[in-house]
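Peer 1: Please find one structure pasted underneath; my questions will follow.
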Amino acid sequence: MTVKTRFAPSPTGFLHIGGVRTALFSWLYARHHGGQFVLRIEDTDRERSTQQAVDAILEGMDWLRLDYDEGPYYQTQRFGRYAEQADRLLREGSAYFCYCSREELDQRRAAQVARGESPRYDGRCRQRTGPVTGVEPVLRFRTPDSGFTVVQDLVRGRVEFQNAELDDLILMRSDGSPTFHFGVVVDDGDMGITHVIRGDDHLNNTPRQMHMIRALGYPVPEYGHLPMILGSDGAKLSKRHGAVNVLEYRDEGFLPDALLNYLVRLGWAHGDQEVFSREEMLGFFDISGVNASASRFDGEKLKWLNQQYLKSSPPESLVGAFETQLRHVGLNPAQGPASAAVIEAYRERATTLRELAEGAAYLYGDPPKVDDAAVRKHLTTAIGGPLVLLARRLGELATWTREGIHGAMATVATESGIGFGKLGQPVRVAVTGGTVSPPIDVTLELLGRERTLQRLGGALSLTGSGGVA
RNA sequence: GCUCCCUUCGUCUAGCGGUUAGGACGCGGCCCUCUCAAGGCUGAAACGCGGGUUCAAUUCCCGCAGGGAGCGCCA
Numbered sequence: 013m014t015v016k017t018r019f020a021p022s023p024t025g026f027l028h029i030g031g032v033r034t035a036l037f038s039w040l041y042a043r044h045h046g047g048q049f050v051l052r053i054e055d056t057d058r059e060r061s062t063q064q065a066v067d068a069i070l071e072g073m074d075w076l077r078l079d080y081d082e083g084p085y086y087q088t089q090r091f092g093r094y095a096e097q098a099d100r101l102l103r104e105g106s107a108y109f110c111y112c113s114r115e116e117l118d119q120r121r122a123a124q125v126a127r128g129e130s131p132r133y134d135g136r137c138r139q140r141t142g143p144v145t146g147v148e149p150v151l152r153f154r155t156p157d158s159g160f161t162v163v164q165d166l167v168r169g170r171v172e173f174q175n176a177e178l179d180d181l182i183l184m185r186s187d188g189s190p191t192f193h194f195g196v197v198v199d200d201g202d203m204g205i206t207h208v209i210r211g212d213d214h215l216n217n218t219p220r221q222m223h224m225i226r227a228l229g230y231p232v233p234e235y236g237h238l239p240m241i242l243g244s245d246g247a248k249l250s251k252r253h254g255a256v257n258v259l260e261y262r263d264e265g266f267l268p269d270a271l272l273n274y275l276v277r278l279g280w281a282h283g284d285q286e287v288f289s290r291e292e293m294l295g296f297f298d299i300s301g302v303n304a305s306a307s308r309f310d311g312e313k314l315k316w317l318n319q320q321y322l323k324s325s326p327p328e329s330l331v332g333a334f335e336t337q338l339r340h341v342g343l344n345p346a347q348g349p350a351s352a353a354v355i356e357a358y359r360e361r362a363t364t365l366r367e368l369a370e371g372a373a374y375l376y377g378d379p380p381k382v383d384d385a386a387v388r389k390h391l392t393t394a395i396g397g398p399l400v401l402l403a404r405r406l407g408e409l410a411t412w413t414r415e416g417i418h419g420a421m422a423t424v425a426t427e428s429g430i431g432f433g434k435l436g437q438p439v440r441v442a443v444t445g446g447t448v449s450p451p452i453d454v455t456l457e458l459l460g461r462e463r464t465l466q467r468l469g470g471a472l473s474l475t476g477s478g479g480v481a
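Going by my numbering, the first residue of the first sequence is number 13, and it counts up by one from there.
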């Protein structure tokens with residue numbers, strides 16, 4: 013049997029971390045087993061579904077390179093099929109019309125809760141023989157009253173439910189549209205889904221869906237219910253607690269593989285390994301190794317992983333995303349050194365491409381942003397002489413290379429009777445405006461001779477020792 | 001309220017009857033060092049509680065507590 017899984021988000025909001033993790037595990041399972049992966053948009057709730065959300069989901073999947081073999085399917089385009097299957101269940105006696113109004117149902121539920129009972133539909137329309145005039149009915153599924161249903165879950169193991177606990181859920185709304193449960197079941201059946209991998213908020217829904225699947229004559233798929241991802245504070249992921257659009261991670265300079273790598277380690281491990289290439293993920297992933305407990309989202313670890321990816325990726329492969337970040341912080345890539353060289357010099361100092369762009373800002377604009385405290389501390393009167401000397405030496409260099417720069421600085425330091433560090437830091441402040449940058453020779457090399465001399469000259473006026481000789 | 005699920009360092013996890021309970025992030029220290037990082041070494045830090053089963057329980061079983069999910073003409 014060929015494995016076929018699906019990711020079935022509803023476009024009522026953006027694609028967030030929890031959804032991505034579900035999609036990832038489903039995708040991994042299919043790919044690991046050489047199977048197929050389907051994307052299905054569950055947009056039966058026309059009130060809350062938006063095209064914007066659909067676009068965000070597709071863009072997110074694309075950015076993460078979670079490729080699908082079929083779809084995207086849209087449930088709103090399959091209404092005819094749901095009606096067809098609903099008719100069949102009605103004819104076969106597995107479903108019946110219910111004429112209870114929403115108000116009546118609400119009242120009964122409230123009364124049941126008040127009495128300390130479980131709120132559930134009482135099945136009163138099961139015996140109804142004729143229609144109620146003026147009322148558009150809903151179609152309900154006739155759930156068995158006795159016996160039990162076993163979900164043999166890929167991550168939870170055996171979970172047993174008493175059928176008597178389940179009430180008759182609605183298949184078709186009074187406006188003729190299918191409910192989530194019915195759409196899922198018909199679609200999974202029609203699309204030949206063999207393994208349903210989804211969030212564990214659906215575990216309780218599973219026995220009902222299994223009943224429907226059997227009534228429709230489809231083979232019952234295997235189920236794997238994934239634990240939730242909680243916010244860093246342990247609360248459910250919500251808009252207030254980190255449930256942001258996954259595309260925001262892209263916009264902040266995270267790499268898609270790093271995000272996937274972080275997510276795959278939430279609830280799953282392969283020994284002590286932390287960093288997985290896509291190939292390793294696919295090769296090692298096994299749903300039977302997935303944890304049953306919820307885990308928290310830790311942004312610090314994501315950043316660490318992102319830096320690991322920043323450091324191990326070929327700089328050229330990051331150029332496009334890096335230049336997007338430069339523009340985002342208002343810098344023009346054309347006004348600085350080659351992007352690959354900047355990435356190379358800075359990736360050990362940044363956890364995201366955004367940070368990288370911000371850290372390298374002095375390479376792009378004149379004059380650089382200046383840290384006054386650093387200037388006061390390092391650009392002293394005493395350093396004026398050595399800086400003048402250095403400017404001259406740098407001006408005389410035959411070629412502008414880090415080796416040559418380093419040599420010039422070492423010579424000036426020696427001649428001035430100061431340590432390399434006593435010269436290096438003032439130079440750094442002079443050319444970058446701050447106290448943090450890559451090794452000073454690399455920094456100057458990136459900056460270029462013209463800008464270096466220009467900024468050295470500008471700094472001299474701040475030391476109070478006059479201009480360049 | 002009822003049903004179902006979950007429980008190892010602060011966090012992510014390894015463990016699948018006998019381990020000095022391992023790794024990673026974060027945190028502290030040291031080394032390296034022109035700054036910041038990166039890197040190396042190192043330290044502190046965990047089996048929720050109570051019963052069983054067993055020669056032996058972090059591990060298996062049952063309670064309890066705590067956390068979570070479901071109980072919609074939402075998905």
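Just so it is clear, CB atoms sit at the ideal spot from N, CA and C, and this is done for glycine as well.
Just so it is clear, the structure is predicted and the values come from calculations on it, not from any experiment.
In this structure, does DSSP put S473 in helix, strand or coil?
Peer 2: The residue you call residue 473 lines up with position 461 of the first sequence. The answer is helix: DSSP assigns S473 an H, G or I state.
Peer 1: When we look at the beta-carbon of L275 and count the other beta-carbons within 10 Å, is it buried (16 or more) or exposed?
Peer 2: Counting from one through the first sequence, the residue named residue 275 turns up at place 263. When all chains shown are included, L275 counts as buried.
Peer 1: Could you check the C-alpha separation between L375 and N303 for me, to the nearest Å?
Peer 2: Here the question's residue 375 lines up with position 363 in the first sequence. Here the question's residue 303 lines up with position 291 in the first sequence. Near 47 Å, if we compare the C-alpha coordinates of N303 and L375.
Peer 1: In chain order, what residues of the same chain have a beta carbon less than 6 Å from the beta carbon of P131, not counting five sequence neighbours either side?
Peer 2: One-based indexing of the first sequence puts residue 131 at position 119. Correct list, in chain order: R121, Q124 and V125.
Peer 1: Between R210, S244, V50 and M203, which lies nearest to K313 when the distance is taken from Cα to Cα?
Peer 2: In the first sequence, counting from the first residue as 1, residue 313 sits at position 301. The shortest C-alpha separation from K313 is found at S244.
Peer 1: Once the 5 residues before and after V232 are set aside, which same chain residues still bring their CB inside 6 Å of it?
Peer 2: As a first step, residue 232 must be located in the first sequence, where it is residue number 220. Cβ neighbours of V232 beyond the five flanking positions: M222 and I225.
Peer 1: Residues in its own chain within less than 7 Å of S189 by CB, not counting five upstream and five downstream?
Peer 2: On the first sequence, residue 189 is found 177 positions in, with the first residue counted as 1. Correct list, in chain order: T56 and F91.
Peer 1: When burial is assigned at 16 or more other CB atoms within 10 Å of the CB, is K323 buried or exposed?
Peer 2: Within the first sequence, numbered from 1, the residue matching residue 323 stands at position 311. By the neighbour-count rule (16 or more Cβ atoms within 10 Å), K323 is not buried but exposed.
Peer 1: Could you give the residue range of the beta strand (DSSP E) that holds H207?
Peer 2: Here residue 207 refers to the residue found at position 195 when the first sequence is read from its first residue. Start and end: H207 to G211.
Peer 1: Please report the distance separating the alpha-carbon of I299 from that of D179.
Peer 2: As a first step, residue 299 must be located in the first sequence, where it is residue number 287. As a first step, residue 179 must be located in the first sequence, where it is residue number 167. So the two alpha carbons sit approximately 31 Å from each other.
Peer 1: Can the beta-carbon of G195 be found closer than 8 Å to that of E104?
Peer 2: Taking the first residue of the first sequence as 1, we reach residue 195 at position 183. Taking the first residue of the first sequence as 1, we reach residue 104 at position 92. Not closer than 8 Å, so no.
Peer 1: Where does D199 land, buried or exposed, given buried means 16+ other C-beta within 10 angstroms?
Peer 2: The sequence position of residue 199 within the first sequence is 187, counting from 1. It counts as buried.
Peer 1: Look at the Cβ atom of H237, then the Cβ atom of R220, and state whether they are nearer than 8 Å.
Peer 2: The count along the first sequence starts at 1 and reaches residue 237 at position 225. The count along the first sequence starts at 1 and reaches residue 220 at position 208. No, the Cβ-Cβ distance between H237 and R220 is not below 8 Å.
Peer 1: For the 8 Å Cβ check, are there 3 or more pairs between the segment 397-408 and the segment 365-373?
Peer 2: no
Peer 1: Using the rule of at least 16 other Cβ atoms within 10 Å of the residue's Cβ for burial, across every protein chain shown, is G311 buried or exposed?
Peer 2: Numbered from 1 along the first sequence, position 299 holds the residue referred to as residue 311. By the 10 Å Cβ count, G311 comes out exposed.
Peer 1: Assuming P494 contacts R52 under a Cβ cut-off of 8 Å, what Cβ separation, rounded to an integer in Å, is found between them?
Peer 2: The displayed coordinates of the chain run from 13 to 481. Any statement about residue 494 would go beyond what the structure contains.
Peer 1: Could you give the DSSP three-state label for T17: helix, strand or coil?
Peer 2: Translated into the one-based positions of the first sequence, residue 17 becomes position 5. The answer is strand: DSSP assigns T17 an E or B state.
Peer 1: Just verifying my parser: in three-state terms, what is the DSSP assignment at P451?
Peer 2: As a working mapping, residue 451 is identified with position 439 in the first sequence. Coil, per DSSP.
Peer 1: Consult DSSP for V125 and reduce its assignment to one of helix, strand or coil.
Peer 2: Here the question's residue 125 lines up with position 113 in the first sequence. Three-state DSSP puts V125 in a helix.
Peer 1: Bridge partners for S307 per DSSP, in chain order?
Peer 2: Within the first sequence, residue 307 is the residue found at index 295, counting from 1. Paired residues: I241.
Peer 1: For a quick check, are the C-beta atoms of I241 and I29 less than 8 Å apart?
Peer 2: Counted from its first residue, the first sequence places residue 241 at position 229. Counted from its first residue, the first sequence places residue 29 at position 17. Yes, they are a contact pair.
Peer 1: Identify whether A107 lies in helix, strand or coil by the three-state DSSP scheme.
Peer 2: The sequence position of residue 107 within the first sequence is 95, counting from 1. Of the three classes helix, strand and coil, the one that applies to A107 here is strand, per DSSP.
Peer 1: Does the distance from the C-beta atom of T393 to that of K315 stay below 8 Å?
Peer 2: One-based indexing of the first sequence puts residue 393 at position 381. One-based indexing of the first sequence puts residue 315 at position 303. Not closer than 8 Å, so no.
Peer 1: Distance check for V443 and D383, CA to CA, integer angstroms please.
Peer 2: In the first sequence, counting from the first residue as 1, residue 383 sits at position 371. In the first sequence, counting from the first residue as 1, residue 443 sits at position 431. C-alpha separation (whole angstroms): 11 Å.
Peer 1: Quick one: grab the DSSP three-state call for E148.
Peer 2: By one-based count along the first sequence, residue 148 stands at place 136. DSSP places E148 in coil when its eight states are reduced to three.
Peer 1: Does the beta-carbon of K16 have 16 or more other beta-carbons within 10 angstroms, so that it is buried, or is it exposed?
Peer 2: By one-based count along the first sequence, residue 16 stands at place 4. Buried is the call here.
Peer 1: Please tell me whether R18 and I205 are closer than 8 Å, where the distance is taken between their beta carbons.
Peer 2: Translated into positions along the first sequence, residue 18 becomes position 6. Translated into positions along the first sequence, residue 205 becomes position 193. Against a cut-off of 8 Å, the Cβ pair of I205 and R18 comes out as a contact.
Peer 1: Bridge partners of T366, per DSSP?
Peer 2: Taking the first sequence and counting its residues from 1, the one referred to as residue 366 is at position 354. First, the amino acid is wrong: residue 366 is Arg here, not Thr. The partner list for R366 (beta bridge, DSSP) is empty, contrary to what the question assumes.
Peer 1: Could you compute how far the alpha carbon of D284 sits from the alpha carbon of F309?
Peer 2: Within the first sequence, numbered from 1, the residue matching residue 284 stands at position 272. Within the first sequence, numbered from 1, the residue matching residue 309 stands at position 297. If you take the alpha carbons of D284 and F309, they lie about 19 Å apart.
Peer 1: Alpha carbon to alpha carbon, how far is R361 from L181?
Peer 2: In the first sequence, the residue the question calls residue 361 occupies position 349. In the first sequence, the residue the question calls residue 181 occupies position 169. Going from the Cα of R361 to the Cα of L181 covers about 56 Å.
Peer 1: Return the bridge partner residues of T162 from the DSSP annotation.
Peer 2: If you number the first sequence from 1, residue 162 lands on position 150. The sequence given here has Val at residue 162, not Thr. Answer is E172, bridged to V162.
Peer 1: Restricting to Cα atoms, I'd like to know which of H207, G201, Y230 and V197 is closest to N217.
Peer 2: Stepping through the first sequence from its first residue, residue 217 is reached at position 205. Ranking H207, G201, Y230 and V197 by Cα distance to N217 puts V197 first.
Peer 1: State the CB to CB distance for the pair R60 and T88, rounded to an integer number of angstroms; the pair is presumed to be in contact (CB under 8 Å).
Peer 2: Residue mapping note: residue 60 aligns to position 48 of the first sequence, counting from 1. Residue mapping note: residue 88 aligns to position 76 of the first sequence, counting from 1. With a Cβ gap of about 13 Å, R60 and T88 do not count as contacting.
Peer 1: Nearest-angstrom Cα distance between G436 and G446?
Peer 2: For the purposes of this step, residue 436 is taken as the residue at position 424 of the first sequence. For the purposes of this step, residue 446 is taken as the residue at position 434 of the first sequence. Taking the straight line from one Cα to the other gives about 12 Å.
Peer 1: State the beta-bridge partners of E234 as determined by DSSP.
Peer 2: As a working mapping, residue 234 is identified with position 222 in the first sequence. DSSP lists H207 as the bridge partner or partners of E234.
Peer 1: Which term fits V341, buried or exposed, when burial requires 16 or more other beta carbons within 10 angstroms of its beta carbon?
Peer 2: If you number the first sequence from 1, residue 341 lands on position 329. That one is exposed.
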